[in-house]
Each structure stands twice: as C-alpha cells, then as structure tokens.
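Just so we're aligned, residue 1 is where the sequence shown starts under our numbering, counting upward by one.
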Amino acid sequence: MTSRRSTSATSADPSFAEFPSLAYDDHVKLFFPSAGAEPVLPVPGPNGLDWPGGTIAPEGRDYTPRRFDREKCELVIDFVLHDGGVAADWAARAKPRDRLGMGGPRASFVVRDDFDFYVLIGDETALPAIGRRIEELPAEARVMAFIEIADSAERQTFSPAASLDLRWIERSAGTFLIEAVKAAAMPSEQTYVFIAGEADMSKVIHDHFIAQGHDPDLIKAAGYWRRGEADFYDGHEH
Ligand SMILES: Cc1cc2nc3c(=O)[nH]c(=O)nc-3n(C[C@H](O)[C@H](O)[C@H](O)COP(=O)(O)OP(=O)(O)OC[C@H]3O[C@@H](n4cnc5c(N)ncnc54)[C@H](O)[C@@H]3O)c2cc1C
1 MTSRRSTSAT SADPSFAEFP SLAYDDHVKL FFPSAGAEPV LPVPGPNGLD WPGGTIAPEG
61 RDYTPRRFDR EKCELVIDFV LHDGGVAADW AARAKPRDRL GMGGPRASFV VRDDFDFYVL
121 IGDETALPAI GRRIEELPAE ARVMAFIEIA DSAERQTFSP AASLDLRWIE RSAGTFLIEA
181 VKAAAMPSEQ TYVFIAGEAD MSKVIHDHFI AQGHDPDLIK AAGYWRRGEA DFYDGHEH
C-alpha cells in the first residue's frame with residue numbers, strides 16, 4: 001500500500017466571489033481552529049490586525065491557491081502531509097464541511113509571460129505553485145520543471161498549453177533536487193527561474209544560478225518551510 005503524502009481541500013463558499021489571485025505563487029494564510037471550535041478571523045486594529053474580543057490568535061500557515069473556479073466559487077488547496085505540523089495534521093484529519101479561517105492573498109508578484117524560457121524548481125510544497133504556472137503559461141512559452149517528491153506515487157499530471165520538459169526527482173530513487181539541478185544543462189536563452197521549497201535547499205539552488213552568472217533579477221527563490229522549524233517565515237526572499 002502506498003502511504004498518502006498529500007491531500008487536496010476544496011472549498012466552495014459564496015464569499016469567494018471576489019477572490020483575487022493573480023500570480024502562481026500567491027499565498028493565503030489559513031487559520032486552524034482548535035478542536036471543536038469555530039474559526040475566527042482577524043479584524044483591522046490600530047496597529048495592524050487584531051483578534052476580536054481578546055481571542056488568542058489561532059495557528060496560521062501559508063498555502064497556495066492551486067486552482068480557483070470563479071463560477072462555482074470553489075478554491076482548491078493542496079496540503080503536503082508530513083509529521084508533526086498543525087496544518088498537516090488538520091488536513092490529514094479533515095472531513096467534508098470542516099471549516100477553516102482564511103485571509104489573503106494580500107499582494108501578487110506577477111511575472112511577465114514573454115521570457116524565452118521558464119525554469120521552475122521546487123519540492124512538493126511548491127508543487128501547487130509550479131503546477132499552476134505550468135498550466136497558466138501561454139502556448140508560446142517554453143518551460144523546464146524540476147520537482148522533488150517522495151516517490152512515483154506523488155507524480156501529478158498537468159494540462160499545459162506551453163511546451164513542457166518535466167523532470168520528477170524521486171527521493172525513493174536516491175535522487176535529490178540540488179544535485180539534479182546542478183547536473184542539468186540549462187537553457188541558453190533569457191530564462192526566468194523560480195525556486196521554492198525547503199529554505200536551505202532553495203538558497204543553495206539560488207546561489208548555484210548566481211555562481212553560473214544568471215541575472216539575479218531573473219530569479220525568485222523562496223523558503224516555504226525550514227527543516228526543524230515550526231511556522232517558519234522567510235522574511236528575506238532572494
Ligand atoms: C508562500 C508559501 C506557499 C506555500 N504553499 C504551500 C502549499 O500549497 N502546500 C503545502 O503543503 N505547503 C505550502 N507551503 C509550506 C507550508 O506553509 C509549510 O510546510 C508549513 O510549515 C506547514 O505547516 P505545519 O503546521 O504543517 O508544520 P509546522 O508546524 O510549521 O512545522 C512542524 C515541523 O514540520 C516540519 N515541516 C514543515 N513543513 C514540512 C514539509 N513540507 N515536509 C516535511 N516537514 C515539514 C517543520 O520543519 C517542523 O519541524 C507554503 C509556504 C509558503 C511560505
């Protein structure tokens with residue numbers, strides 16, 4: 001039997017009618033209520049957001065809007081199921097009609113669609129952002145994607161218009177993202193590089209591209225989580 005390492009939560013709610021998500025690496029903040037409690041949402045206060053009536057702030061984590069269907073007001077979020085996380089535990093136990101709080105996206109970092117080439121690199125936490133980018137780029141775009149996953153059961157299929165060179169890097173086969181990226185021949189055309197996932201991995205790959213002479217303005221590298229650190233915040237994206 002293959003163990004389940006990711007799951008999707010789909011939520012349909014009329015309040016999503018105005019949901020704005022312009023960029024593939026947008027994120028929403030999900031707020032996880034304690035067992036049996038209703039979700040609470042922050043309210044604007046004099047010094048930023050406050051919690052109503054002195055409520056203790058619930059745990060919040062960042063997730064990518066993988067897909068949004070405006071007609072159905074339906075939002076899909078994909079969760080990696082790992083051990084010992086508030087969000088991952090919630091997702092592993094979630095049942096139909098369970099409720100969460102959600103805020104955002106607050107702002108979108110929109111990247112042009114007319115670079116010669118796109119290289120997308122990440123682990124499974126970046127799979128929603130990379131999958132969305134692959135499916136949103138226009139037919140003229142050329143994309144190379146490197147995605148590290150546990151094993152072949154975690155592969156997903158995409159429906160791209162763009163031409164796609166997709167490389168799954170499977171830990172079960174003893175292959176890892178950093179080595180795979182370093183060993184690959186990269187496009188010689190003007191290329192925009194997106195890197196996301198475990199923070200140290202993301203920095204090593206970012207630094208590799210810089211060492212190869214890649215224009216720093218054409219790289220976005222983000223730490224989506226850090227090994228051994230709960231509720232990690234990457235305040236300094238490269
Ligand atoms: C902009 C952005 C977008 C993101 N989008 C997604 C998304 O769409 N889907 C998604 O699954 N994640 C996404 N993440 C990553 C997610 O927010 C983190 O993995 C988060 O730490 C999960 O919270 P948790 O409560 O489960 O674990 P935490 O309580 O934060 O961490 C508990 C422990 O688990 C470890 N841990 C955290 N994440 C992982 C992991 N993936 N694998 C193994 N160990 C881990 C931590 O190092 C820590 O030791 C995104 C992060 C950012 C910043």
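The beta-carbon is built from N, C-alpha and C at its ideal position, and this holds for glycine as well.
Here the structure is a predicted model, which is why all the values come from computation and not from measurement.
Selected residue, minimal CA-CA separation from residue i, among the options
{"i": "A9", "options": "G174, I178 and A94", "result": "A94"}
{"i": "F16", "options": "A35, H82, S108 and P65", "result": "P65"}
{"i": "Q212", "options": "V181, F146 and D234", "result": "V181"}
{"i": "C73", "options": "P58, G101, F19 and R106", "result": "F19"}
{"i": "I219", "options": "D207, L166, T157 and I147", "result": "D207"}
{"i": "L100", "options": "I205, E229 and V28", "result": "V28"}
{"i": "G131", "options": "P105, R112 and D165", "result": "D165"}
{"i": "Y233", "options": "A35, S34 and Y63", "result": "Y63"}
{"i": "D25", "options": "A150, A173 and R106", "result": "R106"}
{"i": "E189", "options": "P52, I169, P39 and M144", "result": "M144"}
{"i": "R97", "options": "G235, S11 and F146", "result": "S11"}
{"i": "A141", "options": "R155, G228, R112 and I169", "result": "R112"}
{"i": "D13", "options": "F68, P187, Q156 and G174", "result": "F68"}
{"i": "R227", "options": "P58, D83 and N47", "result": "D83"}
{"i": "A199", "options": "V193, G235 and T175", "result": "G235"}
{"i": "A129", "options": "E59, I77, G85 and F176", "result": "I77"}
Residue i classed as buried or exposed, judged by whether at least 16 other C-beta atoms fall within 10 angstroms
{"i": "F31", "result": "buried"}
{"i": "R295", "result": "This structure cannot speak to residue 295, because the chain is shown only from 1 to 238."}
{"i": "I56", "result": "exposed"}
{"i": "A185", "result": "exposed"}
{"i": "M1", "result": "With a pLDDT of only 31 at M1, under the threshold of 50, the placement of this residue in the model should not be trusted, and no figure is reported."}
{"i": "F109", "result": "exposed"}
{"i": "P216", "result": "exposed"}
{"i": "L41", "result": "exposed"}
{"i": "S6", "result": "buried"}
{"i": "V43", "result": "exposed"}
{"i": "L75", "result": "buried"}
{"i": "L22", "result": "exposed"}
{"i": "A35", "result": "exposed"}
{"i": "A37", "result": "exposed"}
{"i": "P52", "result": "exposed"}
{"i": "L137", "result": "buried"}
{"i": "A183", "result": "exposed"}
{"i": "G45", "result": "exposed"}
{"i": "A230", "result": "exposed"}
Neighbourhood of residue i by C-beta, 7 Å cutoff - its chain only, sequence neighbours within 5 removed
{"i": "A139", "result": "A161 and A162"}
{"i": "A87", "result": "L30, F32, R61 and F79"}
{"i": "I210", "result": "P216"}
{"i": "W168", "result": "I147, I149 and R155"}
{"i": "A173", "result": "none"}
Spatial neighbours of residue i in its chain, beta-carbon cut-off 6 Å, leaving aside the 5 residues before and after
{"i": "G197", "result": "G122, D123, T125, A126 and Y224"}
{"i": "G104", "result": "V28 and K29"}
{"i": "A221", "result": "I195, S202, H206 and H238"}
{"i": "M102", "result": "V28 and L30"}
Residues near residue i in its chain [Cβ-Cβ closer than 8 Å; skip 5 each side]
{"i": "T191", "result": "F115, D116, F117, Y118, V119, H214 and L218"}
{"i": "I178", "result": "M201, V204, I205 and H208"}
{"i": "F158", "result": "G131, I134, E135, L164 and L166"}
{"i": "L81", "result": "R4, R5, S6, T7, A88, A91 and A92"}
{"i": "R171", "result": "E148, I149, A150 and D151"}
Check: residue i C-beta below 7 Å from any heavy atom of ligand 3
{"i": "I77", "result": "Among the ligands present in this structure, namely ligand 1, ligand 3 is not found."}
Neighbour flag for residue i against chain B, beta carbons, 8 Å
{"i": "E229", "result": "Of the protein chains in this structure there is only one, and it is not chain B."}
Entirely enclosed beta strand (DSSP E) segments - the segment 185-229, minimum 3 residues: You should have 191-198 and 219-225.
Segments assigned alpha helix (DSSP H), at least 4 residues, entirely inside the segment 87-142: 127-136
Ranges of the beta strand (DSSP E) found wholly within the segment 13-55, counting only runs of at least 3: 28-32, 43-45 and 48-50
Residue ranges of each beta strand (DSSP E) within the segment 153-182, 3 or longer: 163-170
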